[in-house]
Amino acid sequence: MTTSTRRSADEIGSTPTGPRPLPALGPQRAVPAPEEVDTVLDSGLRVIAVRRAEVPMVELRLRVPFADQSGRDDSDHAAVAEVLATTILSGTASRSRVAVDDELAGVGGEIGFSVDPERLSVSGHALADGTDTLLEVLADLLVAAAHPEDELARERDRLVERIELASAQPSVIARRALQERRYGDHPVTREMPRPEEVTAVTADAVRALQDSALRPGGSVLVLVGDLDPADAVGRVERALSAWSTGRAVGLDALPPLTAGDLLLVDRPGSVQSQLRLSAPAVGRTDPRYPALQLANLTLGGYFSSRLVENLREDKGYTYHASSSLELDPHGAVLTVETDVASEVTAPALLEARYELGRLAVVPPSADEVESARRYLVGSLLISMTTQAGYASTVAALAAQGLSSSWVREHPARIEAVTVDEVAAAAAEFFAPTGFTGVVVADAGRAGPGLRALGGVELP
Amino acid sequence: MTSRVTAPRQGLHRHVLDNGLRVLLVPDPAAPVVGVAVHVDVGFRSEPEGRTGFAHLFEHLMFQGSESLEKLAHFRHVQSSGGVFNGSTHQDYTNYFEVLPSAALERALFLEADRLRAPKLTTENLRNQVDVVKEEIRLNVLNRPYGGFPWILLPPVLYDTYPNAHNGYGDFTDLEQADLDDAAAFFDAYYAPGNAVLTVVGDLDPAEAAELVERHFGDIPARPVPQRPSFAEPEPTDERRDAVTDAHAPLPALALGHRLPDPATDLHGYLAHAVLASLLTDGEAARLTQRLVYGDELVTDVSASCGLMGAPLDARDPDTFTITAVHPGDVDPQRITAAVDDELATLATDGPEPEELRRVTARWASSLHREHDRLMSRMLALGSAELVQGRAELADELPGLIAAVEPSAVAAAAKRLRPDARAVLTVTPGGAA
Numbered sequence: 224m225t226t227s228t229r230r231s232a233d234e235i236g237s238t239p240t241g242p243r244p245l246p247a248l249g250p251q252r253a254v255p256a257p258e259e260v261d262t263v264l265d266s267g268l269r270v271i272a273v274r275r276a277e278v279p280m281v282e283l284r285l286r287v288p289f290a291d292q293s294g295r296d297d298s299d300h301a302a303v304a305e306v307l308a309t310t311i312l313s314g315t316a317s318r319s320r321v322a323v324d325d326e327l328a329g330v331g332g333e334i335g336f337s338v339d340p341e342r343l344s345v346s347g348h349a350l351a352d353g354t355d356t357l358l359e360v361l362a363d364l365l366v367a368a369a370h371p372e373d374e375l376a377r378e379r380d381r382l383v384e385r386i387e388l389a390s391a392q393p394s395v396i397a398r399r400a401l402q403e404r405r406y407g408d409h410p411v412t413r414e415m416p417r418p419e420e421v422t423a424v425t426a427d428a429v430r431a432l433q434d435s436a437l438r439p440g441g442s443v444l445v446l447v448g449d450l451d452p453a454d455a456v457g458r459v460e461r462a463l464s465a466w467s468t469g470r471a472v473g474l475d476a477l478p479p480l481t482a483g484d485l486l487l488v489d490r491p492g493s494v495q496s497q498l499r500l501s502a503p504a505v506g507r508t509d510p511r512y513p514a515l516q517l518a519n520l521t522l523g524g525y526f527s528s529r530l531v532e533n534l535r536e537d538k539g540y541t542y543h544a545s546s547s548l549e550l551d552p553h554g555a556v557l558t559v560e561t562d563v564a565s566e567v568t569a570p571a572l573l574e575a576r577y578e579l580g581r582l583a584v585v586p587p588s589a590d591e592v593e594s595a596r597r598y599l600v601g602s603l604l605i606s607m608t609t610q611a612g613y614a615s616t617v618a619a620l621a622a623q624g625l626s627s628s629w630v631r632e633h634p635a636r637i638e639a640v641t642v643d644e645v646a647a648a649a650a651e652f653f654a655p656t657g658f659t660g661v662v663v664a665d666a667g668r669a670g671p672g673l674r675a676l677g678g679v680e681l682p
Numbered sequence: 062m063t064s065r066v067t068a069p070r071q072g073l074h075r076h077v078l079d080n081g082l083r084v085l086l087v088p089d090p091a092a093p094v095v096g097v098a099v100h101v102d103v104g105f106r107s108e109p110e111g112r113t114g115f116a117h118l119f120e121h122l123m124f125q126g127s128e129s130l131e132k133l134a135h136f137r138h139v140q141s142s143g144g145v146f147n148g149s150t151h152q153d154y155t156n157y158f159e160v161l162p163s164a165a166l167e168r169a170l171f172l173e174a175d176r177l178r179a180p181k182l183t184t185e186n187l188r189n190q191v192d193v194v195k196e197e198i199r200l201n202v203l204n205r206p207y208g209g210f211p212w213i214l215l216p217p218v219l220y221d222t223y224p225n226a227h228n229g230y231g232d233f234t235d236l237e238q239a240d241l242d243d244a245a246a247f248f249d250a251y252y253a254p255g256n257a258v259l260t261v262v263g264d265l266d267p268a269e270a271a272e273l274v275e276r277h278f279g280d281i282p283a284r285p286v287p288q289r290p291s292f293a294e295p296e297p298t299d300e301r302r303d304a305v306t307d308a309h310a311p312l313p314a315l316a317l318g319h320r321l322p323d324p325a326t327d328l329h330g331y332l333a334h335a336v337l338a339s340l341l342t343d344g345e346a347a348r349l350t351q352r353l354v355y356g357d358e359l360v361t362d363v364s365a366s367c368g369l370m371g372a373p374l375d376a377r378d379p380d381t382f383t384i385t386a387v388h389p390g391d392v393d394p395q396r397i398t399a400a401v402d403d404e405l406a407t408l409a410t411d412g413p414e415p416e417e418l419r420r421v422t423a424r425w426a427s428s429l430h431r432e433h434d435r436l437m438s439r440m441l442a443l444g445s446a447e448l449v450q451g452r453a454e455l456a457d458e459l460p461g462l463i464a465a466v467e468p469s470a471v472a473a474a475a476k477r478l479r480p481d482a483r484a485v486l487t488v489t490p491g492g493a494a
């Protein structure tokens, strides 16, 4: 054969040498813990500063517990909080909206606010020698945001448009339906306010919420980057000296999930269906957590998992299928999700249930556990190699009352888990009888198959 | 304060193997991880007519096994070594990559070499991946608002020739007709070692890494390297308009498309457009954000991008400068284009303020620092710069080059974006769903 002859697929796929052996892994260098200060200021704000000097930047994360404290079913907290997170950047007593952005841009900086039913989160960064500017702008926004009437009116309209836009996304529709299926009308379901609730928000309500709820006590601020940790804590203390009193309030433990039928939510005309299944789980401080993580990976926590290999690589039903742990400050839930072609909605649910049942009653193999273990240790290492990843991880741990030592000690916990412990966690947490959830689909196309399958509440 | 430039940390080592494979070895000992990437010089612009979406479909097939690796083995070996992987298909290239703990360096090289040498292309895997790709397209395009906006929808308005105008995700009919012979021909034509760049970045010794690369890639036979076609076509000579309906969109949207200068012959002029995009829509104080969102209150969101796929220097000539906006239904899109033209005319006449330019430059420096802090991003930037622009160093030099763009160059860029040489695409909510 000459190189100009077209080869067949068979010819391309083999060489005279034949298959070759997979090289072994080499030695792995350990990572020393970075320099860190983790302290609580007089204001009650916990500050964690970490030196990671690979690039001349600092990453900032602030997490303020920000739960609805009204106790009312018709609470406007979610809408007011959402408007607050938008208009807080509209300027302060001393800086206009444009001045805020110009000042941050001057130090290569950005700052963003977001809010969910649990907390208000601030995420920012700047060139390292602009750290003081970043902190000064943040402090000004926290204590002196003006929420001017005209800016607020415009931002309210924009927010309504963005909510309408988001509400058209199948993933958002499915998320809302799942939250309501899991938690009824509990405040945790109000991840995105309704347009009419936003329209009714007043500047006074926003200012009152900022004054009463945006408080340092119980909040945590993380700085990671090209900095000296002790010096950085001093800078935070000086810059935020006016943010000095009060305690932020978070959500109580969520109501437990009740297992039950999936709810079919009709989305006429959709060409794809969203399957979302959920069950109770346990969080980072539970001794079963590492085994649960490995069981979750085996089911659908990474690509080399049973769900992906079955639903995607064998059946071609979907582009993605996954299983994950959603953590909150008090615990965790499991969520299994996939988006599939409308005509295979019922077959995909059948396979998902089959994989849940199989994991619960047929113990995972030692190879499966070992693969999940290596992936968990390695991906944890990789996720901590950037300033931004490190900052987000430390902030998430702090929100659960943990410190960075948890993540440094976690590989040892993962290594210690036995195959039997993974099987026990699989049996305890993945039995299909423990799940509830939703299917968002064109009911006309998906309904008959789901009815035949059972365990689905049809409209 | 002046913005700083990301200095190449420990240099960049180039080799070319006897079979033509170009190799970049970039030591970066910041963390005990390594990255391996293969960039192949073929993207969706090169796929044959009647086979739209084939370059991307073929990317999927390259994960389906090779001579030493059965189906699913690639994923399993990367992940059970503690690593993460992916691939992506662009206008002019396709990349395959993984990032792993450094203990897995040789294993990663083995995995990439095996599929570049002898991928196992089967009809069963092809049919399975056609189904998977169709679900990917439903997820990202067909079942969501603004799917494919503007990257699929705008090119057919701005361009005339098949390579530049067609849908790179592919029509379902074309995908369904793809067969094994197409796959074999595509591999033989484009996946020659001389048509690819191998990038290895991270916690490595360049001499040892060079030896491992030779061990695993060295015996892939050389094959003819395809002549890269020119995709050039004349610039538009008038305003080209089209309108589409989007059944899922709640609000109308608008996209403007302009041709960019050729970065191969006018890098400076090209980068002035990258700076211009930032001046127009990056941050609350940006010109179009100020004017359209806060001043005239015509749009909900506006975004400018130097490059069809969102990143500058990701494609060869011709590439596209885009401005997109989502707006309320009671706003006439003509008012938006008029306001954009007005702001561009002001910039063309007066140029940006030096202080305004300095702020944009500082943000660029900062975003590139952050991107390069992530080994995967830096590796992909180095690999694509080497393949597409011919110089990996560009990835590290970009902050300095951006900082050197003067106000007059930005004014010239603004002047180039003429209303009589652009595409205008409007999206109308269809309300069907």
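Chains P and C are the protein sequences, given in the same order. Counting in the numbering used here, the first sequence runs from 224 upward without gaps. Counting in the numbering used here, the second sequence runs from 62 upward without gaps. We put the CB at the ideal spot given by N, CA and C, even for glycine.
Determine the burial state of Gln402(P): buried for a count of at least 16 other Cβ atoms within 10 Å of its Cβ, exposed for fewer.
In the first sequence, residue 402(P) corresponds to position 179, counting from 1. Its Cβ being crowded by 16 or more others within 10 Å, Gln402(P) is buried.
Are the CB atoms of Phe124(C) and Gly96(C) within a distance shorter than 8 Å?
Taking the second sequence and counting its residues from 1, one reaches residue 96(C) at position 35. Taking the second sequence and counting its residues from 1, one reaches residue 124(C) at position 63. Contact: no.
Indicate whether the contact test is met: 3 or more Cβ pairs, each with one atom in the segment 494-501 of chain P and one in the segment 656-668 of chain P, closer than 8 Å.
yes
Could you please give me the residues that DSSP links to Thr155(C) through a beta bridge?
Taking the first residue of the second sequence as 1, we reach residue 155(C) at position 94. The partner list for Thr155(C) (beta bridge, DSSP) reads Val101(C), Thr150(C).
How would you write the range of the beta strand (DSSP E) that Thr342(C) sits in, first residue to last?
The residue given as residue 342(C) occupies position 281 in the second sequence. No beta strand (DSSP E) holds Thr342(C); the alpha helix (DSSP H) holding it covers 328-342.
Buried or exposed for Arg596(P), please, with buried defined as at least 16 other CB atoms from any protein chain shown within 10 angstroms of its CB.
Locating residue 596(P) in the first sequence gives position 373, counting from the first residue. Arg596(P) comes out buried.
Against chain P, does His138(C) count as a neighbour if the rule is that its beta carbon must be under 8 Å from one of theirs?
Numbered from its first residue, the second sequence carries residue 138(C) at position 77. Closer than 8 Å to some Cβ of chain P, the Cβ of His138(C) qualifies, so yes.
Quick one: complete beta strand (DSSP E) runs, 3+ long, within the segment 461-516 of chain P?
485-489, 495-504
Any idea what DSSP makes of Phe526(P), helix, strand or coil?
Mapped onto the first sequence, residue 526(P) falls at position 303. In the structure shown, Phe526(P) falls within a coil segment according to DSSP collapsed to helix, strand and coil.
Does the CB of Arg243(P) have a neighbour CB from chain C at under 8 Å?
The residue given as residue 243(P) occupies position 20 in the first sequence. Yes - at least one Cβ of chain C is within 8 Å of the one on Arg243(P).
What would DSSP say about His74(C), mapped onto helix, strand or coil?
The count along the second sequence starts at 1 and reaches residue 74(C) at position 13. Strand at His74(C).
Select from Phe171(C), Ser107(C), Ala134(C) the residue whose C-alpha is nearest the C-alpha of Ala247(P).
Within the first sequence, numbered from 1, the residue matching residue 247(P) stands at position 24. For the residues Phe171(C), Ser107(C), Ala134(C), the minimum Cα distance to Ala247(P) belongs to Phe171(C).
Among Leu82(C), Val392(C), Val94(C), Gln351(C), whose alpha-carbon lies nearest the alpha-carbon of Leu315(C)?
Your numbering for residue 315(C) matches position 254 in the second sequence. It is Val392(C).
Would you say Arg274(P) and Pro255(P) are within 8 Å of each other, going by their C-beta atoms?
Reading the first sequence from its first residue, position 51 is the one you call residue 274(P). Reading the first sequence from its first residue, position 32 is the one you call residue 255(P). Contact: no.
Buried or exposed: which applies to Thr63(C), given that a residue is buried once 16 or more other Cβ atoms fall within 10 Å of its Cβ?
In the second sequence, residue 63(C) corresponds to position 2, counting from 1. Because the pLDDT at Thr63(C) is just 35, under 50, the model does not fix this residue reliably, and the value given afterwards should be weighed accordingly. When all chains shown are included, Thr63(C) counts as exposed.
For a test of the three-state rule: what should DSSP assign to Phe247(C), helix, strand or coil?
Start at 1 with the first residue of the second sequence, and residue 247(C) comes out as number 186. Of the three classes helix, strand and coil, the one that applies to Phe247(C) here is helix, per DSSP.
Exposed or buried, Thr306(C), counting other C-beta atoms within 10 Å across all chains shown (16 or more means buried)?
Residue mapping note: residue 306(C) aligns to position 245 of the second sequence, counting from 1. Classification for Thr306(C): exposed.
Reference Phe278(C), options Leu82(C), Leu73(C), His74(C), closest by Cα:
Walking along the second sequence from the start, residue 278(C) turns up at place 217. When each option's Cα is compared against that of Phe278(C), the closest is Leu82(C).
Taking Gln610(P) as the query, report the chain C residues whose CB atoms sit under 7 Å from its CB, ordered along the chain.
To locate residue 610(P), count along the first sequence from 1; it is residue 387. Under the 7 Å cutoff, chain C gives Asp434.
Please list the terminal residues of the continuous alpha helix (DSSP H) segment that includes Gly329(P).
Here residue 329(P) refers to the residue found at position 106 when the first sequence is read from its first residue. Counting along the chain, the alpha helix (DSSP H) containing Gly329(P) begins and ends at 320-329.
Tell me whether the beta-carbon of Ala614(P) lies closer than 8 Å to the beta-carbon of Val445(P).
As a first step, residue 614(P) is located in the first sequence; it is residue number 391 there, counting from the start. As a first step, residue 445(P) is located in the first sequence; it is residue number 222 there, counting from the start. For Ala614(P) and Val445(P), yes; Cβs fall inside 8 Å.
Pull the bridge partners of Ile463(C) from the DSSP assignment, please.
Here residue 463(C) refers to the residue found at position 402 of the second sequence. Ile463(C) is not bridged to any residue.
Mind listing which residues of the segment 258-288 of chain C have their C-beta closer than 7 Å to chain P's C-betas, in chain order?
Asp264, Arg284, Pro285
Would Pro69(C) count as contacting chain P if we go by Cβ distances under 8 Å?
Indexing the second sequence from 1 puts residue 69(C) at position 8. Low confidence applies to Pro69(C): its pLDDT is 46, below 50, so where it sits in the model is not reliable enough to give any reading.
Measure the alpha-carbon distance for Ala302(P) versus Asp408(P) and round it to whole angstroms.
For this step, residue 302(P) is matched to residue 79 along the first sequence. For this step, residue 408(P) is matched to residue 185 along the first sequence. So the two alpha carbons sit approximately 15 Å from each other.
Which bits of chain C does Arg458(P) rub up against, with CB to CB less than 9 Å?
As a position in the first sequence, residue 458(P) is number 235, starting the count at 1. Within chain C, no residue comes near Arg458(P); the closest Cβ sits about 17 Å away, beyond 9 Å.
Could you give the distance in angstroms between the alpha-carbon of Arg439(C) and the alpha-carbon of Ala456(C)?
As a working mapping, residue 439(C) is identified with position 378 in the second sequence. As a working mapping, residue 456(C) is identified with position 395 in the second sequence. Distance between the alpha carbons of Arg439(C) and Ala456(C) is about 8 Å.
With distances taken from CA atoms, which of Arg137(C), Ala446(C), Pro287(C), Arg431(C) is nearest His348(P)?
Your numbering for residue 348(P) matches position 125 in the first sequence. The option with the nearest alpha carbon to His348(P) is Arg431(C).
Cβ pair Leu357(P), Met280(P) closer than 8 Å
On the first sequence, residue 357(P) is found 134 positions in, with the first residue counted as 1. On the first sequence, residue 280(P) is found 57 positions in, with the first residue counted as 1. The answer is no: Cβ separation not under 8 Å.
So what does Asp303(C) bridge to, in DSSP terms?
Residue numbering aside, residue 303(C) sits at position 242 when the second sequence is read from its first letter. Beta-bridge annotation (DSSP): Asp303(C) is paired with Leu486(C).
Below-8 Å beta-carbon distance, Val145(C) vs any chain P residue:
Within the second sequence, residue 145(C) is the residue found at index 84, counting from 1. It does; some Cβ of chain P falls within 8 Å.
First and last residue of the uninterrupted alpha helix (DSSP H) at Glu651(P)
As a working mapping, residue 651(P) is identified with position 428 in the first sequence. Its alpha helix (DSSP H) spans residues 642-652.
DSSP state of His553(P), grouped into three classes?
Within the first sequence, numbered from 1, the residue matching residue 553(P) stands at position 330. Three-state result, His553(P): coil.
How far does the beta strand (DSSP E) with Ile384(C) in it reach, from first residue to last?
As a first step, residue 384(C) must be located in the second sequence, where it is residue number 323. Run containing Ile384(C): 381-387, per the beta strand (DSSP E) assignment.
Using the Cα positions of Arg188(C) and Thr568(P), report the straight-line distance between them to the nearest angstrom.
Numbered from 1 along the second sequence, position 127 holds the residue referred to as residue 188(C). Numbered from 1 along the first sequence, position 345 holds the residue referred to as residue 568(P). Cα to Cα, Arg188(C) sits roughly 20 Å from Thr568(P).
Quick one: what's got a C-beta closer than 6 Å to Gly229(C)'s C-beta in the same chain, skipping five residues either side?
By one-based count along the second sequence, residue 229(C) stands at place 168. Correct list, in chain order: Phe105.
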